[in-house]
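For reference, each letter of the sequence shown is one residue, going 1 to 284 in UniProt numbering.
No residue lacks a Cβ here, since even glycine has one placed at the ideal position from N, Cα and C.
See structure below.
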Amino acid sequence: MENLEADGQFYDVRPPLDEVVSHFYHLHTAAGSNTVLKHLSPNFDMLMIFNFGAPMRFSFNDEPLSNILIKRTSVIGPLRKMLNYELQPGTDAIIVNFTLNGFYRLFKIPMSSLYLNELTDPDILIDKKCFAELWEQLAVLNDIQLRFRLIEEYAASFISVNEPSAIPLLSGAAYFQNPVIHPVKAIAENEALSERTIQQRFQKFTGYSPKEILRFIRFKKVIYQIINQEDKIIDLFELIETHGYHDQSHLIKDFNHFLGTTPRKFIKNIAGKDFCMTRPGKHY
């Protein structure tokens, strides 16, 4: 377990569920606390939410909070844009953060068929009331560890093995961290497959393209640098040079895309306040 902040904690996941879920995150606030607006950085992972408190309002990037509420059980992702969410007094929610292709292994649904940045009832995806029933069982438990154990036991029975066509993607994930290697081309050559085939498999198992993940990895490094230097003056031109952006407009374009704001507004109004990032993924 890693204590991150006053209203949330990361928790490790036990085998075999740790193959498809990277971590749990428990959101909790006291009954007498103030309502606050929080911001979650894009992470490109699928999230499943079990909410035991008041319905939660949310939005993306610079949009106002939505009238669509996170109620009992929802899935959302891949999270391409900053998620804004409202924590009311007495918030009590568990966030299940999936691994690169973990959601596919649990639900067996092509990720490319999901609607981006929309809440979905997980029972609608599988056409059963499994997760509604699981919520009922979780809601009566007062011990957070017992809740995690129940989720682990329940979900473990649904995990499927990695499909053979997904294994090359996982084996080649390290290529995305090497700026001198073209990941798709390298994986395609290793497997004697076409680049188009590799791209289609990424869409199926993860919900995004190799080009998108390369763009995201670079931007994630920018955000990490800003967060870790929040007490220092941020030099935008240093960020541009360090992370390989063409110019200032190129950097601003990514900030608008992922966060719905400019670098300077992010540094001034969001970074270091109620903005958080998830743990690094197992493959990026």
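Item	Value
Reference residue 83, options 37, 125 and 91, closest by Cα	37
C-alpha distance - residue 99 paired with residue 267, whole-angstrom precision	29 angstroms
Beta-carbon proximity check, residue 17 vs residue 192, cutoff 7 angstroms	no
Straight-line Cα distance separating residue 10 from residue 4	Because the pLDDT of residue 4 is 43, which lies under 50, any placement of that residue in the model is unreliable, and the question is left without a value.
Residues near residue 123 in its chain [Cβ-Cβ closer than 8 angstroms; skip 5 each side]	73, 129, 130, 131 and 132
Residue 112 beta carbon less than 7 angstroms from that of residue 204	yes
Anticipated Cβ contact below 8 angstroms, residue 176 with residue 234, distance rounded	Not quite, the Cβ-Cβ distance comes to about 26 angstroms (not below 8 angstroms), so this is no contact.
Cut-off 8 angstroms between Cβ atoms - residues of its own chain near residue 30, not counting five sequence neighbours on either side	89 and 90
Beta-carbon proximity of residue 26 to residue 187, cut-off 7 angstroms	no
Cβ-Cβ distance between residue 75 and residue 48 below 7 angstroms	yes
Secondary structure of residue 92, DSSP reduced to three states	strand
Under the three-state DSSP convention, the category residue 69 falls into	strand
Check whether residue 206 and residue 43 have beta carbons under 7 angstroms apart	no
Short Cβ contact (7 angstroms threshold) for residue 28 with residue 97	no
Residue 146, buried or exposed, once every other Cβ within 10 Å from all chains shown has been counted against 16	exposed
Of the residues 105, 136 and 8, the one placed nearest residue 167, counting alpha carbons only	105
Cβ-based neighbour list, residue 243, same chain, cut-off 7 angstroms, excluding 5 preceding and 5 following	218, 221 and 222
Beta carbon of residue 8 nearer than 7 angstroms to that of residue 46	no
Residues of its chain near residue 263, where Cβ-Cβ distance is below 7 angstroms and the 5 sequence neighbours each way are ignored	236, 251, 252 and 255
Supposed contact pair residue 275 and residue 41 - C-beta distance, whole angstroms, cut 8 angstroms	7 angstroms
Among 229, 273 and 149, the one whose alpha carbon lies nearest that of residue 137	149
Supposed contact pair residue 271 and residue 240 - C-beta distance, whole angstroms, cut 8 angstroms	The Cβ separation is near 17 angstroms, so there is no contact.
Residues near residue 154 in its chain [Cβ-Cβ closer than 7 angstroms; skip 5 each side]	134
Continuous alpha helix (DSSP H) assignments of at least 4 residues falling wholly in the stretch 150 to 213	167 to 171, 183 to 191 and 195 to 206
Proximity below 7 angstroms, CB of residue 151 to CB of residue 125	no
Sub-7 angstroms separation of residue 62 and residue 260 beta-carbons	yes
Own chain partners of residue 159 with C-beta closer than 8 angstroms, once the 5 adjacent residues on each side are dropped	16, 17, 19, 20, 105 and 106
Distance, residue 121 Cα to residue 33 Cα	29 angstroms
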